[in-house]
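Structure record follows, encoded as structure tokens.
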Amino acid sequence: MIFETHAHYDDEAFDEDRASLLCSMQENGIGRIINVSASLESLARTSELMESYPFLYGAFGLHPDEVGDLNEAVMEQLYMRCQKEKAVAVGEIGLDYYWDKESHDQQIYWFRRQLNLAREVHLPVIIHSRDAAADTLRVMREEKSEEIGGVIHCFSYSREMAEQYLAMGFYLGIGGVVTFKNARKIREVVEAAPLDRLLLETDSPYLAPVPYRGKRNCSLYLPYVVEKIAEIKGICEEEVIAVTEKNAERLFLKEVK
Ligand code: NI
224 MIFETHAHYD DEAFDEDRAS LLCSMQENGI GRIINVSASL ESLARTSELM ESYPFLYGAF
284 GLHPDEVGDL NEAVMEQLYM RCQKEKAVAV GEIGLDYYWD KESHDQQIYW FRRQLNLARE
344 VHLPVIIHSR DAAADTLRVM REEKSEEIGG VIHCFSYSRE MAEQYLAMGF YLGIGGVVTF
404 KNARKIREVV EAAPLDRLLL ETDSPYLAPV PYRGKRNCSL YLPYVVEKIA EIKGICEEEV
464 IAVTEKNAER LFLKEVK
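Anchor point for the sequence shown: position 39 equals 262 in my numbering, and the numbering is continuous, going up by one each time.
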């Protein structure tokens, strides 16, 4: 079944139908979901979801736009949440120079701290990187991230950059953007990258694939992403689903039963 590796079901966009939507996932072929926290408030909500739904796992970390809320007490909270049985990653963490909500120095400082948290708790990382390709790669190399492992979520850089991350042992998260008309760059990346290094993700409620572009996204739309990857790689959809599911199990579930 499809393994959804990046969604934000704690988002208020799901307040009206969260339970019924999540309960419909497995009958529609979505086997497992990782709910990724981003803000301080989303940490507790992700824990609650993880405890309520057997097929849902949690990732804990603060998004680069949110690191203004980070301090030692929050780092301690992250550490505690990462110890839970169904905590499978530290994320989403990284650098965002597009929105630039916090200074680059602050973003880099907390990115390093959260990379080292992942090392300490033996979890992979979910990386958010926007308009910050060079600094992201530099910090990851300086922190020896090849020993930590993880995924570059919503991969949006060039094929050359993809090769650098793949060489570090990282996976690439592929979502709705691959179905967009102007997504030539990401289609080149999907074509060049080995299938056993790709992960399926939505970033719900954001980035819905065509034909739902601009609407609220949810994991039920992942078949459109699967269809596009299968088309680009010239393989069947079943193979895309099976291989990406194995990839996600290998990266995230090695210690979870
Ligand atoms: Ni996200």
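Just so it is clear, CB atoms sit at the ideal spot from N, CA and C, and this is done for glycine as well. This structure is a prediction, so every number in the text was calculated from the model and none was measured.
- Query: Any heavy atom of the ligand MN within a distance shorter than 8 Å of the CB on H286?
  - Reply: Within the structure as shown, the ligand MN is missing, the only ligands being the ligand NI.
key: Run of the alpha helix (DSSP H) containing A385, from where it starts to where it stops   = A385 -> alpha helix (DSSP H) spans 382-390.
**OP:** For P432, I'd like the list of residues in its chain whose CB is within less than 7 Å of its CB, leaving aside the five on either flank, ordered along the chain.
**Re:** Here the set comprises G399, T402, Y444, Y447, V448.
- prompt: Just the Cα atoms here: how many angstroms apart are E406 and A415?
  reply: Checking the sequence, you will find Ala at residue 406 rather than Glu. Straight through space, the alpha carbons of A415 and A406 are spaced by roughly 15 Å.
**Asked** Roughly how many whole angstroms lie between the Cα atoms of Y332 and L346?
**Response** Going by C-alpha positions, Y332 is about 19 Å away from L346.
Exercise for the section: Going by CA-CA distance only, name the one from A357, F283, L244 that's closest to L318. Expected result: Checked all of A357, F283, L244; the closest Cα to L318 is A357.
query = Quick one: what's Y394 bridged to in DSSP?
reply = Note: Y394 is bridge-paired with V374 in the DSSP secondary-structure output.
Requested in this report: Just the C-alpha distance for D240 and C246, rounded to the nearest angstrom, thanks.
Outcome: Straight across, the Cα-Cα distance linking D240 with C246 is about 10 Å.
Reduced DSSP category for I350 - H, G, I as helix; E, B as strand; rest coil: When secondary structure is reduced to three states using DSSP, I350 falls in the strand class.
* V290 Cβ short of 8 Å to the ligand NI heavy atom set -> Checking every heavy atom of the ligand NI against the Cβ of V290, none is found closer than 8 Å.
Between N251, E424, N258, which lies nearest to F237 when the distance is taken from Cα to Cα?
It is N258.
> Can you tell me the Cα-Cα spacing of L360 and E325, whole angstroms?
Replying inline: Rounded to whole angstroms, the gap between the alpha carbons of L360 and E325 is 19 Å.
When E299, S243, H286 are compared against A260, the one with the closest alpha-carbon: Per the sequence shown, the amino acid found at residue 260 is Ser instead of Ala. Of the listed residues, the one whose Cα sits closest to S260 is H286.
* Which of helix, strand or coil does DSSP assign to V259? -> DSSP places V259 in strand when its eight states are reduced to three.
Leaving aside the five residues before and after G396 along the sequence, list all residues of the same chain whose C-beta is less than 7 Å from its C-beta, in chain order. T228, H229, V374, I375, H376, C377, F378, L422, E424.
beta-carbon Y429 near the ligand NI non-hydrogen atom, thresh 8 Å
Y429: yes, Cβ under 8 Å from the ligand NI.
Q. Roughly how many whole angstroms lie between the Cα atoms of A465 and K456?
A. Whole-angstrom Cα-Cα distance: 14 Å.
Supposed close pair I253, M273 - CB separation, criterion 8 Å: About 16 Å; that fails the 8 Å criterion.
query: Secondary structure at F283, three-state DSSP: helix, strand or coil?
result: Coil.
**Item:** R420 to K451 span [Cα, whole Å]
**Value:** Answer to the nearest angstrom: the Cα atoms are 16 Å apart.
Next item on the list: Report the residue ranges of all alpha helix (DSSP H) runs contained in full by the region 311-352; include only those spanning at least 4 residues, in chain order.
Entry: Segments of the alpha helix (DSSP H) lying fully in the region 311-352: 327-344.
message: Please return the same chain residues whose Cβ sits closer than 7 Å to the Cβ of Q249, not counting the five positions on each side in sequence.
response: Excluding positions up to five away in sequence, the list reads F278.
Next on the checklist: Once DSSP output is grouped into helix, strand and coil, what is the label at G291?
Outcome noted: Under the three-state reduction of DSSP, G291 is assigned to helix.
>> Can you look up E271 in the DSSP assignment and give me helix, strand or coil?
In response: Helix at E271.
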